[in-house]
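>
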C-alpha cells in the first residue's frame, strides 16, 4: 500500500498507480469524509446547474407518443438533423 506525506498547506499527492486506476485528472472534484481514523476521498461529478436546467427544459418540452417509442434511432436522428437545419435556416433569415 503506497504511503503519502502531508505537505505544507496540508496537501498530499495521490500515488500515480491510484490516480491511473481511478482515471483521476487534475481539477477533478473529490469529497473528503472522515472514516474511523482515516480519510476517504470520493470522486464527485460537478454539474453546471444552468446547463442542466436548460437540458431539463428541453426534455420537458418534448412530447413523446407511443409511436415514437417504435421509431428507429435512424428515423429519430434524421428528424433531429432536419429540425436543426430548419432552425438554422430560420435564424439566418432573421439575421439577414
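In our numbering, the protein residues as written are 1290 to 1385.
Don't be surprised by glycine CBs; every beta carbon is placed ideally from N, CA and C.
In the DSSP output, which residue or residues are listed as bridge partners for residue 1327?
For this step, residue 1327 is matched to residue 38 along the chain shown. 1324, per the DSSP bridge assignment.
> Express the C-alpha separation of residue 1357 and residue 1326 in angstroms, rounding to a whole number.
Residue 1326 sits at position 37 when you count from the first residue of the chain shown. Residue 1357 sits at position 68 when you count from the first residue of the chain shown. For residue 1326 and residue 1357, the distance between alpha carbons rounds to 54 Å.
> Is the beta carbon of residue 1311 closer than 8 Å to that of residue 1332?
As a first step, residue 1332 must be located in the chain shown, where it is residue number 43. As a first step, residue 1311 must be located in the chain shown, where it is residue number 22. In contact: residue 1332 and residue 1311 (Cβ atoms closer than 8 Å).
> Can you grab the Cα-Cα spacing for the pair residue 1385 / residue 1369, in whole Å?
The residue labelled residue 1385 in the question sits at position 96 within the chain shown. The residue labelled residue 1369 in the question sits at position 80 within the chain shown. The straight-line gap from Cα to Cα measures roughly 24 Å.
> Which residue or residues does DSSP assign as beta-bridge partners of residue 1332?
The residue labelled residue 1332 in the question sits at position 43 within the chain shown. Paired residue(s): 1319.
> What three-state label does DSSP hand residue 1297 in the structure shown?
Here residue 1297 corresponds to residue number 8 of the chain shown, with the count starting at 1. Reduced to three states, the DSSP call for residue 1297 is helix.
> If you follow the alpha helix (DSSP H) that residue 1366 is in, where does it begin and where does it stop?
On the chain shown, position 77 is the one that residue 1366 refers to. Counting along the chain, the alpha helix (DSSP H) containing residue 1366 begins and ends at 1362–1384.
> Please report the distance separating the alpha-carbon of residue 1375 from that of residue 1305.
Residue mapping note: residue 1375 aligns to position 86 of the chain shown, counting from 1. Residue mapping note: residue 1305 aligns to position 16 of the chain shown, counting from 1. About 49 Å.
> Going by DSSP in three states, residue 1343 sits in which element: helix, strand or coil?
Residue numbering aside, residue 1343 sits at position 54 when the chain shown is read from its first letter. Helix.
> Output the boundary residues of the alpha helix (DSSP H) element that contains residue 1357.
Locating residue 1357 in the chain shown gives position 68, where the first residue counts as 1. Residue 1357 -> alpha helix (DSSP H) spans 1355–1358.
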